[in-house]
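Numbering (the working numbering), first residue to last: -19 to 233.
Glycine included, every Cβ here is placed at the ideal spot set by N, Cα and C.
Please read these numbers as outputs of a predicted model, since none were measured by experiment.
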Amino acid sequence: MVRRLRFNGTGSGDDGCPSVHEDLDSGEVIVHGPPLMDPEDVAQLRHLGEGEVPIVVPRELLMDWVPKGPEQRKARFVHLDGLSRLFTQFEHTAWRLETRRRYASDEATETYERFIRGESVDWDDTDSEWCANRRVQTGLGKRIERVRVVDDPPTAGQLYLLGNARRNTAVGEAIMNLRRADADHLDLPTEDFWIFDSRMVALLDFDDADNLVDVELITEPAEVVRYSQVRDAAVHHAVPYEQFVAGPAAEKQ
């Protein structure tokens, strides 16, 4: 079976060598770099088995990029009200990747019920506490942005969010969309998360019924950088939602 490998990082800005990858299923770590070739050096190694190749990597590569599990990085979880507070505490940027095909919280709203029935929906209703917070934060010069991954054809939940994006933009958020095929080609993770000020990741955990149940806060620098790399790739290939809903011709503009 072909491994599912994730690139974690490199110690080189030139040729990408040496680098660290992680097997997403087994948790094994794959490191590649220049081989240790001098016979006198190799002779000093213990337990070097047949077919094994010693390689040389900087100590910093292992310190910065070897993945740590939740038990190693002292996972910190907050309740949903704790996540809400982050939207008043961040200083510069809040960015989200949305990858799910449905969200139970959306389907519990009266707005969603009207949308599914094909009735008129007032997307300009911006009187909620959520909208008020976004207006305040963006009014202070802060940026709140999202990239939403959309299937082809879109699911009902994704169509609802395409319409709801009008409300997001009305209160200052910047919404972009990315097709699922493009996200898969980029090897983007199928995770939902927020990045605050490029220093903290809020990883959103959903149950099998698509309910948000936990939020893990990650501040380990290497992990924050990895999620930031995902953000950069998604933003580079996504298009503003206005172009996305206008169709393929508008996307290419």
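Task: Inter-residue spacing [alpha-carbon to alpha-carbon] between L192 and R26 - done: Rounded to whole angstroms, the gap between the alpha carbons of L192 and R26 is 49 Å.
Open item on the list: Only counting the same chain, and skipping five residues up and downstream in sequence, which positions put a Cβ closer than 6 Å to that of P220?
Closed with: M156
- [ ] Round the Cβ separation of G137 and D86 to the nearest angstrom and send it over; I've been treating them as touching at under 8 Å.
- [x] 6 Å
Task: Sequence-distant residues of its chain with Cβ nearer than 7 Å to P34 (five each side left out) - done: P15, L16, V22, L25, L28
- [ ] Give a yes or no on contact between the region 190 to 205 and the region 92 to 102, applying the rule of three or more CB pairs nearer than 8 Å.
- [x] no
TODO: Following the continuous beta strand (DSSP E) through N191, name the residue where it begins and the one where it ends.
DONE: That residue, N191, is in no beta strand (DSSP E); it is neither H nor E in DSSP.
TODO: Can you tell me the Cβ-Cβ gap for L183 and E200, rounded? I've got them flagged as a contact below 8 Å.
DONE: Not really, about 12 Å apart at Cβ, beyond 8 Å.
Open item on the list: Is the beta carbon of E8 closer than 8 Å to that of R(-14)?
Closed with: no
Open item on the list: If distances are taken between C-alpha atoms only, which option among R147, G152, R76 comes closest to G212?
Closed with: The displayed chain sequence assigns Asp, not Gly, to residue 212. Out of R147, G152, R76, R76 has the C-alpha closest to the C-alpha of D212.
Open item on the list: Out of H216, F186, N148, L166, which one is the CA nearest neighbour of E222?
Closed with: N148
Open item on the list: DSSP three-state label for L25, please.
Closed with: coil
- [ ] Starting from the Cα of F95, find the closest Cα among A74, N144, R115, R56 and give me that residue.
- [x] N144
TODO: Give the secondary structure of D107 by DSSP, where H, G and I count as helix, E and B as strand, and everything else as coil.
DONE: coil
TODO: Measure from the alpha carbon of V(-18) to the alpha carbon of each residue in S6, P133, E32, then state which is nearest.
DONE: S6
TODO: Take Y217 and list the residues in its own chain whose beta-carbon comes closer than 7 Å to its own, dropping the five residues that flank it on each side.
DONE: Note that residue 217 is His in the sequence shown, not Tyr. Closer than 7 Å at Cβ, skipping near neighbours: L158, D162, L166.
TODO: Along the beta strand (DSSP E) that carries M156, what are the first and last residues, could you check?
DONE: Looking at the DSSP string, the run of the beta strand (DSSP E) that includes M156 is 154 to 159.
Task: Local conformation of H59 per DSSP, three classes - done: coil
- [ ] Go ahead and pull the three-state DSSP assignment for F70.
- [x] coil
Task: N-terminal and C-terminal residue of the alpha helix (DSSP H) that G98 is part of - done: Looking at the DSSP string, G98 is not in any alpha helix (DSSP H), and its letter there is neither H nor E.
Task: P47, buried or exposed, once every other Cβ within 10 Å from all chains shown has been counted against 16 - done: buried
Task: Simplified DSSP assignment, three categories, for E2 - done: strand
Task: Status (buried if at least 16 other CB within 10 Å, exposed otherwise) for R206 - done: So R206 ends up on the buried side.
Task: Opening and closing residue of the alpha helix (DSSP H) in which E87 lies - done: Per DSSP, E87 belongs to the alpha helix (DSSP H) from 84 to 87.
Task: Span separating the alpha-carbon of S(-1) from that of N(-12) - done: 8 Å
- [ ] Name the one or two DSSP bridge partners that T(-10) has.
- [x] As DSSP reads the structure, T(-10) sits in a beta bridge with S(-1).
Task: P38 burial status per 10 Å Cβ neighbour count (16 or more: buried) - done: Per the 10 Å Cβ criterion, exposed.
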